[in-house]
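The structure appears right after this line, and notes come after that.
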Amino acid sequence: SSGINAEWPLRPGFVNALTTYPGELDFRMHLRNEFMNCGLREVLPKLTGLDESLHDSADELLIQITVLEQNRDDDHQELRTKLEDIQHNFDDATDIFQIVYNQAKHTKVEKEFLSILQHLLLIRDDPEAKPQYYRLIDNVISQIVLYKNGLDPDFKCKQLGDVNIDNVIDQLIDMQRLKDLEKKKEKSTDCDSALIPLL
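Residue numbering for the sequence shown follows the working numbering, starting at 2 and increasing by one per position.
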């Protein structure tokens, strides 16, 4: 529209009021994502680009949007810190598996959890390819879980379906081979340097 409705500032402000005060990080992020999935994700860029001269309330609207984005960024940083704590305090694969399994069993995600494990069993036992498969899976999961400042990704998106995984794995293998060669060259250079004074 050519102008901005006076109630628009109340909408980001209403979201801020609901998503700022809950003490639990997961609950704050859940509420924020619910609003995003209800259309706020598409509306925010349009509101941010509005001309402030169009309406007296535009300035207040931009303040509320800034607060919303700052709260989102703060929660995302808290999520990253939470991940670092997990990586530091839980370094046993069996313990981690048991925790995740206990969270999944007898819930709606148990079927998908089992499917993930079944697919992991299908990774070919190639000494060069297998580590790259796991590295790729780890990167994908990390990008999904930590997606865009803690917002849920678009679950309808199927962009990975267009990616040639074999090509990606081959590229990762080539990169790993190159790294291994560079390490061997560095070790060889160090050995040669150590032998020179003895000659």
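Backbone N, C-alpha and C fix where the C-beta goes; we use that ideal spot for every residue, glycine too.
- Contact between V16 and L69 holds, since their C-beta atoms are separated by about 6 Å, short of 8 Å.
- With contacts defined by Cβ atoms closer than 7 Å, F98 and A105 do not form a contacting pair.
- Of the residues assessed, F36 falls on the buried side of the cut-off, its CB having 16 or more other CB atoms within 10 angstroms.
- DSSP places I124 outside both helix and strand once states are collapsed to three, so it counts as coil.
- Judged by their CB atoms, Q133 and L173 are nearer to each other than the 7 Å cut-off.
- N72 and T20 do touch by the CB rule: their CB atoms are close to 6 Å apart, below 8 Å.
- Taking C-beta separations shorter than 8 Å and ignoring five residues to either side along the sequence, the partners of L26 in its chain run D76, E79, L80 and K83, following chain order.
- In this structure, DSSP gives F91 a state outside helix and strand, which the three-state scheme calls coil.
- In the three-state DSSP reduction, V141 falls in the helix class (H, G or I).
- Judged by DSSP in its simplified three-state form, E113 adopts helix.
- A Cβ-Cβ separation of about 5 Å places I66 in contact with P13 under the 8 Å criterion.
- Burial check for R125: the Cβ neighbour count within 10 Å stays below 16, so the residue is exposed.
- A distance below 8 Å between beta-carbons, with the five flanking residues on each side excluded, links K131 to the following residues of its chain, in chain order: I124 and R125.
- Rounded to whole angstroms, the gap between the alpha carbons of F28 and N38 is 15 Å.
- In the DSSP assignment, M30 falls within the unbroken alpha helix (DSSP H) covering L26 to F36.
- Under the three-state reduction of DSSP, H77 is assigned to helix.
- If you draw a straight line from the Cα of Y135 to the Cα of A94, it comes to about 14 Å.
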